[in-house]
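A.B. asks: Chains A and B are the protein sequences, given in the same order. Every number in our numbering is 27 more than the matching position in the first sequence, counting from 1. Every number in our numbering is 27 more than the matching position in the second sequence, counting from 1. Just so it is clear, CB atoms sit at the ideal spot from N, CA and C, and this is done for glycine as well.
2 protein chains.
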Amino acid sequence: MTAQPDQNPDNGGKITISVDAMGGDAGPAAVVAGIELSAKAFHDIAFVLHGPADLLEPLVEKRRALRGRVVFCDARDVVTMEDKPAHVMRNGKGTSMWSAVETLRSGQAAGVVSCGNTGALMAISMIRLRKLPGVNRPAIAILFPSRNRQGFNVMLDVGADIRADAPDLLQFALMGASYARNGLELDHPRVGLLNVGTEEHKGRAELKEAHSLITDHDAGNFDFIGFVEGSDIAGDRVDVIVTDGFTGNVAIKTGEGTASLIGDLLRQAFRHSIMSRIASVLALSTMYRLKQRIDPRRVNGGVFLGLNGIVVKSHGGADATGVAAAVGLAYRLAKSGFAAKLAARVAATGNPATKSDTKSDTKSDSGQAT
Amino acid sequence: MTAQPDQNPDNGGKITISVDAMGGDAGPAAVVAGIELSAKAFHDIAFVLHGPADLLEPLVEKRRALRGRVVFCDARDVVTMEDKPAHVMRNGKGTSMWSAVETLRSGQAAGVVSCGNTGALMAISMIRLRKLPGVNRPAIAILFPSRNRQGFNVMLDVGADIRADAPDLLQFALMGASYARNGLELDHPRVGLLNVGTEEHKGRAELKEAHSLITDHDAGNFDFIGFVEGSDIAGDRVDVIVTDGFTGNVAIKTGEGTASLIGDLLRQAFRHSIMSRIASVLALSTMYRLKQRIDPRRVNGGVFLGLNGIVVKSHGGADATGVAAAVGLAYRLAKSGFAAKLAARVAATGNPATKSDTKSDTKSDSGQAT
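The structure is reproduced here in structure tokens:
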């Protein structure tokens, strides 16, 4: 370590984000460019940057907006995309990823961002940060472009674990609703359980059980709308989609694959003739607007829910824009005090009528709007 | 019944398709318009049309291309989208759907098409046509737009059953490969097993078991490429994607929902300014080409695999173009003798090295290229 981080979330009013500079496909330069974008966007953000300091310091020096806002934490090893989580848990202490999580654990940062190996990041986060009391399985929540007013739906789990039983799905509903309130500023999110049909008799046994658990639990700070289908993921019927990590992972990758195919076909179609080439020039700003709306880089960031602390997994292939989106997400969640709210929310599971310290939720006098 | 069907698949060289005129959202007029399109496309196609004859006869009379090619089968009842399969199995004998399947069972038609309730159609098909010997769970296979040369991938199961264990997944691989050979004319389709990652250690236990079953079985008339991900559904790494009906159903609906969202946002973007409106006029033919390429109506039709006979489920909301696509699919499969080939293929499961009556597959001397 070349310098001790001298900031913490409460220090000088700065929100400090711990950033793993290594392990992403685009390399540390993209990460440094990304945190500079974030530094320009948020006047009160600061960083602890993890990786080989001799590599990172020159990259940061070139970026004026980062001056005085970055503390370096020298870590020589890197977790690769091929490393198995179990291996990293045993041998990963010298990696930038481990170091980044450690800075969060010690309270020197309010959130951590990494572009690296998802399984390894979850494994390190689980052993170093520990699960929130009462949480059985943590989940990864992402934002998916949708027809909703806010432009996105929350979906979880998208790959923390391939399994989820009914009590897990109930916790995903609570955590997802809490995330929608803090991440999308929805006071009263609509929560749906992903199934193959909307009728109550459809689907697997654990889904029917989860349906009644969530119905019974409903403390009034979200609307449980019952079963939803794959077509609702990009729709406007629901704000939070609850599913197991296997189904959620297949669904988001299918959505991304479909969007990418359409984008390529659109480009091909525009190259087809002289007329279509002229049209494509005139349509440039139109296409730009469309891209802005559904650009996956702008909603980059899977949030690990159910741990003691805010961990944001950026897409491995994220460029500067993508990194900035993930850092911005960690920053906003840290600033809103999300970690503490989520912990309180989950602690209330199974006993929703005992506490009433809610601020934002006026529709219920029994649940916590966290 | 107002007339006895006087055709059968072998009668006068005609390929007769049994069509349920009722139960679709667009009503019988769309179905009749659809079969007229098919009649224009295929000179040797004929129809048995099921539903209230007094309603259907005037609709058919107006369509010149249908003259002399439609036999009516009067059925007064209709299966609705809300009817539960178990109810239809007990009380559905008078419905147009039941009647349509019955015509296939009796050998008077070579394939059946319905736009109605999927669960009910599967239930009726199961009890009247019966499963192929050796098949545990039938599957529904659809075509999904992809980057592949043929423009589509086969995916199954997309909703016949919410479960599939390892031996089922092996059968899906065999049936899907057979369908790709006969439906997409791929001699040597690449088959992949849908998972959350491509590494062999990933995923649920039944997937790892299925992976080794398919690897062991591989008789040489398809390439088993191992695990594939959601992003491969619209990609070019694989031709046949094997999964359970829960995951498959969520995936196709997610893909459809994403495509539909992008289409709507594209239209919105083109309406944004005068410049973008001008661009949209110039881009009309470009957009038309794109739409042709991924129009779900043009690949409308889920094929039930694993039954004695060809059953094609058209989308409930299909218009004439969609109905014609589903009828065309049933026609092509009937003409290729797919039902018999599939039966032979499945009968060889577990004993792939005993038969060698293949015509189209020259790469293997042990398996049947059916």
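For alanine 286 of chain B, go through chain A and note every residue whose CB falls closer than 7 Å to its CB, in chain order.
C.D. replies: What alanine 286 of chain B touches in chain A: Thr285 and Ile289.
A.B. asks: Can you confirm whether serine 258 of chain B, when its beta carbon is compared against all beta carbons of chain A, has any partner nearer than 8 Å?
C.D. replies: True, the Cβ-Cβ gap to chain A drops below 8 Å.
A.B. asks: Can you confirm whether isoleucine 252 of chain A, when its beta carbon is compared against all beta carbons of chain B, has any partner nearer than 8 Å?
C.D. replies: Answer no: the Cβ-Cβ gap between isoleucine 252 of chain A and chain B never drops below 8 Å.
A.B. asks: Terminal residues of the continuous beta strand (DSSP E) containing proline 172 of chain A?
C.D. replies: Looking at the DSSP string, the run of the beta strand (DSSP E) that includes proline 172 of chain A is 166 to 172.
A.B. asks: Name the two residues that bound the continuous alpha helix (DSSP H) containing phenylalanine 249 of chain B.
C.D. replies: Per DSSP, phenylalanine 249 of chain B belongs to no alpha helix (DSSP H) and is neither H nor E.
A.B. asks: Is it true that the CB of asparagine 163 of chain A sits closer than 8 Å to the CB of glutamine 198 of chain A?
C.D. replies: Yes; because the gap between Cβ atoms is below 8 Å, this pair is in contact.
A.B. asks: Look up isoleucine 151 of chain B in the DSSP assignment and say whether it is helix, strand or coil.
C.D. replies: Helix at isoleucine 151 of chain B.
A.B. asks: State yes or no: is the beta carbon of asparagine 276 of chain B nearer than 8 Å to at least one beta carbon in chain A?
C.D. replies: Cβ-Cβ to chain A under 8 Å: yes for asparagine 276 of chain B.
A.B. asks: When you compare the CB positions of alanine 374 of chain B and glycine 161 of chain B, do they come within less than 8 Å of one another, or not?
C.D. replies: In contact: alanine 374 of chain B and glycine 161 of chain B (Cβ atoms closer than 8 Å).
A.B. asks: At the 8 Å Cβ level, is methionine 108 of chain B part of the contact set with chain A, yes or no?
C.D. replies: No, methionine 108 of chain B does not count as interfacial toward chain A.
A.B. asks: Going by beta carbon distance, what residues of the same chain come within less than 7 Å of lysine 158 of chain A, once the five residues before and after it are set aside?
C.D. replies: Closer than 7 Å at Cβ, skipping near neighbours: Pro165, Gly333 and Leu334.
A.B. asks: Thinking C-beta only, is valine 140 of chain A closer than 8 Å to valine 46 of chain A?
C.D. replies: Cβ atoms of valine 46 of chain A and valine 140 of chain A: closer than 8 Å.
A.B. asks: For proline 172 of chain A, which residues in chain B fall below 7 Å Cβ to Cβ?
C.D. replies: By Cβ distance, chain B contributes Leu288.
A.B. asks: Taking Cβ-Cβ distances shorter than 9 Å, what residues in chain B pair up with isoleucine 151 of chain A?
C.D. replies: The premise fails here: isoleucine 151 of chain A is roughly 18 Å from chain B at the closest Cβ pair, so nothing lies under 9 Å.
A.B. asks: Around the C-beta of lysine 89 of chain B, are 16 or more other C-beta atoms found within 10 angstroms, so that it is buried, or is it exposed?
C.D. replies: By the 10 Å Cβ count, lysine 89 of chain B comes out exposed.
A.B. asks: In chain order, what residues of the same chain have a beta carbon less than 7 Å from the beta carbon of alanine 353 of chain A, not counting five sequence neighbours either side?
C.D. replies: Answer for alanine 353 of chain A: Val140, Asn327, Gly328, Val339, Ser341 and Ala345, listed in chain order.
A.B. asks: Taking the alpha-carbon of glycine 143 of chain A as reference, which of A:Ala137, A:Val115, A:Thr43 and A:Ile169 has the nearest alpha-carbon?
C.D. replies: That would be A:Val115, whose Cα lies nearest to the Cα of glycine 143 of chain A.
A.B. asks: What do you reckon, are the CB atoms on glycine 61 of chain B and threonine 281 of chain A nearer than 8 Å?
C.D. replies: The answer is no: Cβ separation not under 8 Å.
A.B. asks: Taking the alpha carbon of glycine 95 of chain B as the reference point, which residue from B:Ile72, B:Thr107 and B:Pro112 has its own alpha carbon closest?
C.D. replies: The shortest Cα separation from glycine 95 of chain B among B:Ile72, B:Thr107 and B:Pro112 belongs to B:Ile72.
A.B. asks: I need the boundaries of the beta strand (DSSP E) containing methionine 116 of chain A, first residue and last residue.
C.D. replies: Note, methionine 116 of chain A: premise wrong, no beta strand (DSSP E); alpha helix (DSSP H) at 112 to 118.
A.B. asks: For the beta strand (DSSP E) that arginine 217 of chain B lies in, which residues bound it at each end?
C.D. replies: Taken as a continuous stretch (DSSP letters only), the beta strand (DSSP E) holding arginine 217 of chain B covers 217 to 221.
A.B. asks: Does any residue of chain B bring its CB to less than 8 Å from the CB of methionine 202 of chain A?
C.D. replies: It does not: the Cβ of methionine 202 of chain A has no partner Cβ on chain B nearer than 8 Å.
A.B. asks: Apart from the five residues just before and just after arginine 27 of chain A, which ones in its own chain have a Cβ nearer than 8 Å to its Cβ?
C.D. replies: The first residue shown for chain A is 28 and the last is 397, placing residue 27 of chain A beyond what the model contains.
A.B. asks: Within the 8 Å Cβ cut-off, does phenylalanine 99 of chain B reach chain A?
C.D. replies: It does not; no Cβ of chain A falls within 8 Å.
A.B. asks: At 9 Å on the CB atoms, spell out the chain B contacts of histidine 299 of chain A, in chain order.
C.D. replies: Per Cβ cutoff of 9 Å: Ser312, Thr313 and Arg316.
A.B. asks: Once you ignore the five residues that flank tyrosine 206 of chain B on each side, which residues in its own chain have a CB closer than 7 Å to its CB?
C.D. replies: So the list reads Ala168, Val181, Val330 and Leu332, once near-sequence residues are dropped.
A.B. asks: Helix, strand or coil: which one does DSSP assign to valine 46 of chain B?
C.D. replies: DSSP places valine 46 of chain B in strand when its eight states are reduced to three.
A.B. asks: Secondary structure at asparagine 209 of chain B, three-state DSSP: helix, strand or coil?
C.D. replies: Helix.
A.B. asks: Specify the secondary structure class of serine 141 of chain A as computed by DSSP and reduced to three states.
C.D. replies: It is a strand residue.
A.B. asks: So within the segment 49 to 131 of chain B, which uninterrupted alpha helix (DSSP H) runs reach at least 4 residues, ignoring any that extend past its ends?
C.D. replies: If we require 4 residues or more, the alpha helix (DSSP H) runs fully inside the segment 49 to 131 of chain B come out as 54 to 68, 80 to 88 and 112 to 118.
A.B. asks: Using a 10 Å radius around the Cβ and a threshold of 16 neighbouring Cβ atoms, would you call arginine 91 of chain A buried or exposed?
C.D. replies: Classification for arginine 91 of chain A: exposed.
A.B. asks: Tell me, which residues are paired with glycine 329 of chain A by DSSP?
C.D. replies: In DSSP, glycine 329 of chain A forms a bridge with A:Lys340.
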